[in-house]
Amino acid sequence: LLHPAAQIAKDKDTTLPAAKSTGALLIIDEVRTVKGTVELFNQGADDVDVGDLCNFRDLQAVGNGLGIGDTDQLATLDGLQSVTAVKGGLAIFDNSSLTDIAALANVALVTPRSYDGRNVDVVIADNTKLDDANVDAFLTALATRLGRTPDVVACNNRGRVCDADDTALVQTLAAAGLQ
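If you use this note's numbering, the sequence shown corresponds to residues 68 to 246, in order.
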């Protein structure tokens, strides 16, 4: 997948409403920093109708959570290679075609999000084609970049099964997104 060359992007003090289609992603095009939440998620029965994340190519920092969930077409997270900082948690969940998260290799700062009083930096769950080896490689490299072990929920991908607490957290995400 070829992405257009990055352009000089701008900062934006906004929250991306839960985008449900490629057309909705135009709001993030050419944006470098979002002070609010960036979420690709469709609450309800239908999956998000997005085949790629090219519109995210300029995005470097998110101030209150980055969530990519409920997709059935995304095989990779290509387009997120410029993201280096995610405050308020990173959640990659319920993406039935996702097989690769290598595009997150430049993330060097993650701060936690609170889910019912539980602080979690990263959630990578319910991505049924994503091998745990891929997840583990990302999390190991992330811990090195952070200089600490992040608080993580990584289960129900292709490998580990979620325990009861993790299942409840993932179900909350699947029902309501990052709210």
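Just so you know, even glycine gets a beta-carbon here, dropped at the ideal spot from N, CA and C.
C-beta contact flag for residue i and residue j at 8 Å
{"i": "Gln148", "j": "Ala175", "result": "no"}
{"i": "Ala241", "j": "Phe160", "result": "yes"}
{"i": "Val187", "j": "Val219", "result": "yes"}
{"i": "Asn162", "j": "Leu141", "result": "yes"}
{"i": "Leu197", "j": "Thr166", "result": "yes"}
{"i": "Arg99", "j": "Asp125", "result": "yes"}
{"i": "Thr239", "j": "Tyr182", "result": "yes"}
Run of the beta strand (DSSP E) containing residue i, from where it starts to where it stops
{"i": "Asn201", "result": "Counting along the chain, Asn201 falls outside any beta strand (DSSP E), though it belongs to the alpha helix (DSSP H) covering Asp199 to Leu213."}
{"i": "Asp137", "result": "Leu133 to Thr138"}
{"i": "Cys222", "result": "Val219 to Cys222"}
{"i": "Ala142", "result": "Ala142 -> no beta strand (DSSP E), and no H or E assigned at all."}
{"i": "Glu106", "result": "Val105 to Leu107"}
{"i": "Asp100", "result": "According to the sequence displayed, residue 100 carries Thr and not Asp. Unbroken beta strand (DSSP E) run through Thr100: Val98 to Val101."}
For residue i, the nearest candidate out of the options (CA to CA)
{"i": "Gln246", "options": "Val187, Glu106 and Thr178", "result": "Glu106"}
{"i": "Thr211", "options": "Gly244, Ala142 and Asn173", "result": "Asn173"}
{"i": "Asn201", "options": "Asp139, Leu213, Leu236 and Asn224", "result": "Asn224"}
{"i": "Asn194", "options": "Asp137, Lys102, Gly184 and Glu97", "result": "Asp137"}
{"i": "Phe205", "options": "Ala243, Leu157 and Lys102", "result": "Leu157"}
{"i": "Val177", "options": "Gly184, Arg185, Gly155 and Val190", "result": "Gly155"}
{"i": "Pro217", "options": "Thr143, Lys102, Val153 and Asp114", "result": "Val153"}
{"i": "Ile95", "options": "Asp203, Cys121 and Asp145", "result": "Cys121"}
{"i": "Leu209", "options": "Gly226, Val189, Val237 and Asp145", "result": "Val189"}
{"i": "Cys222", "options": "Asp114, Asp203 and Gly214", "result": "Asp203"}
First through last residue of the alpha helix (DSSP H) which encompasses residue i
{"i": "Val189", "result": "Note, Val189: premise wrong, no alpha helix (DSSP H); beta strand (DSSP E) at Val189 to Ala192."}
{"i": "Ala172", "result": "Element bounds for Ala172: n/a, residue is neither H nor E."}
{"i": "Ala243", "result": "Ala231 to Ala243"}
Residue burial classification, residue i (beta-carbon count within 10 angstroms, cutoff 16)
{"i": "Ala72", "result": "Unreliable positioning characterises Ala72 in this predicted model, as indicated by a pLDDT of 46, which lies under 50. A coordinate reading is not provided."}
{"i": "Val228", "result": "exposed"}
{"i": "Ala192", "result": "buried"}
{"i": "Thr207", "result": "exposed"}
{"i": "Gln74", "result": "No answer about Gln74 holds up, because its pLDDT of 47 lies below 50 and its placement is not dependable."}
{"i": "Ala243", "result": "exposed"}
{"i": "Asp233", "result": "buried"}
{"i": "Gly146", "result": "buried"}
{"i": "Asp114", "result": "buried"}
{"i": "Val215", "result": "It is worth fixing the name first, because residue 215 is Arg in this sequence and not Val. Result: exposed."}
Opposing strand residues paired with residue i [DSSP bridges]
{"i": "Ser186", "result": "The amino acid at residue 186 is misidentified as Ser; the sequence shows Asn. Note: Asn186 sits in a beta bridge opposite Ser181."}
{"i": "Leu120", "result": "Answer is none; Leu120 lacks a bridge partner."}
{"i": "Asn51", "result": "The question about residue 51 has no answer, for the chain in this structure spans 68 to 246."}
{"i": "Arg225", "result": "Asp198"}
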